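The block underneath contains the structure these notes are about, expressed in structure tokens.
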Amino acid sequence: MSFLNGASRTLVALTDTTKVLTFEIPADEFGRPNTNPPSVVDIDNVTLYSFTLNTDKMTLKFPVPSDYASGDITFFVVWTNDGGVDDNGKEVKWQLDYQTADEGDPINGSHANSPKVINDAYTSATGWIEHHTGIMTIAAADFAGKLCVLLKLSAITPDGVALTCEPQLIGLCYSYTAYVNQ
Numbered sequence: 206m207s208f209l210n211g212a213s214r215t216l217v218a219l220t221d222t223t224k225v226l227t228f229e230i231p232a233d234e235f236g237r238p239n240t241n242p243p244s245v246v247d248i249d250n251v252t253l254y255s256f257t258l259n260t261d262k263m264t265l266k267f268p269v270p271s272d273y274a275s276g277d278i279t280f281f282v283v284w285t286n287d288g289g290v291d292d293n294g295k296e297v298k299w300q301l302d303y304q305t306a307d308e309g310d311p312i313n314g315s316h317a318n319s320p321k322v323i324n325d326a327y328t329s330a331t332g333w334i335e336h337h338t339g340i341m342t343i344a345a346a347d348f349a350g351k352l353c354v355l356l357k358l359s360a361i362t363p364d365g366v367a368l369t370c371e372p373q374l375i376g377l378c379y380s381y382t383a384y385v386n387q
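Using the numbering used here, read the sequence shown as starting at 206 and increasing by one per residue.
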């Protein structure tokens, strides 16, 4: 006896595929701590945060995306200089400290593989130009089984000649591999 009783059936299998997604978190979505927050700078339709090197910081609770499929999550900083000085070729180093957390986990301190740092040179002879750093990678193993990654972003003394002004944060971009139904 046939399960289909002789009827012809077409089985359509739904398969999941993946693709890399990239999103930006505007600077004004970060938390400004009570101690050592960066200064707020409004330029036309954008809010920037001006960092004093080795002092100011911003924080963010970053949930692991619900459509996350696999692999690392990469971050890059979107920033500019203060618009008033030629900083072409001068540098800043961005530092991303992080801790991973799930319900019941301690949130203090940093992950063993934290911080991530990227030294970056400003590449314009004018100010207020959107500039993107290289990537900082948080390995999949670091947040496996966790609900969120707690981030702290700061600007620190670079390896080369420092900017003559304060670096200004526009936002933070991140990329990850997501499930996508076809």
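Note that CB positions come from ideal geometry on N, CA and C, so glycine has one too.
Quantities reported herein were computed from a predicted structural model and do not represent experimental measurements.
Residue i: first and last residue of the uninterrupted alpha helix (DSSP H) it sits in
i, result
"residue 280", "Here residue 280 belongs to no alpha helix (DSSP H); instead the beta strand (DSSP E) covers 273-285."
Residue i classed as buried or exposed, judged by whether at least 16 other C-beta atoms fall within 10 angstroms
i, result
"residue 208", "Confidence at residue 208 is low in this model, with a pLDDT of 38, below 50, so the placement of that residue is unreliable and no value is reported for it."
"residue 292", "buried"
"residue 337", "exposed"
Residue i to residue j span [Cα, whole Å]
i, j, result
"residue 217", "residue 380", "Here the model assigns residue 217 a pLDDT of 44, short of 50, so the residue's position is not dependable, and the following value carries that caveat. For residue 217 and residue 380, the distance between alpha carbons rounds to 31 angstroms."
"residue 357", "residue 222", "32 angstroms"
"residue 308", "residue 352", "8 angstroms"
"residue 240", "residue 262", "9 angstroms"
"residue 385", "residue 283", "27 angstroms"
"residue 329", "residue 294", "8 angstroms"
Limits of the unbroken beta strand (DSSP E) element including residue i
i, result
"residue 346", "Per DSSP, residue 346 belongs to no beta strand (DSSP E); it is in the alpha helix (DSSP H), 345-348."
"residue 351", "Here residue 351 belongs to no beta strand (DSSP E), and DSSP marks it neither H nor E."
"residue 378", "373-386"
"residue 245", "244-248"
"residue 323", "321-326"
"residue 255", "251-255"
Simplified DSSP state of residue i, which is helix, strand or coil
i, result
"residue 302", "strand"
"residue 335", "coil"
"residue 296", "strand"
Integer-rounded CB distance, given that residue j should sit under 8 angstroms from residue i
i, j, result
"residue 229", "residue 285", "The pair is not a contact, with the Cβ atoms about 14 angstroms apart (cut-off 8 angstroms)."
"residue 256", "residue 360", "4 angstroms"
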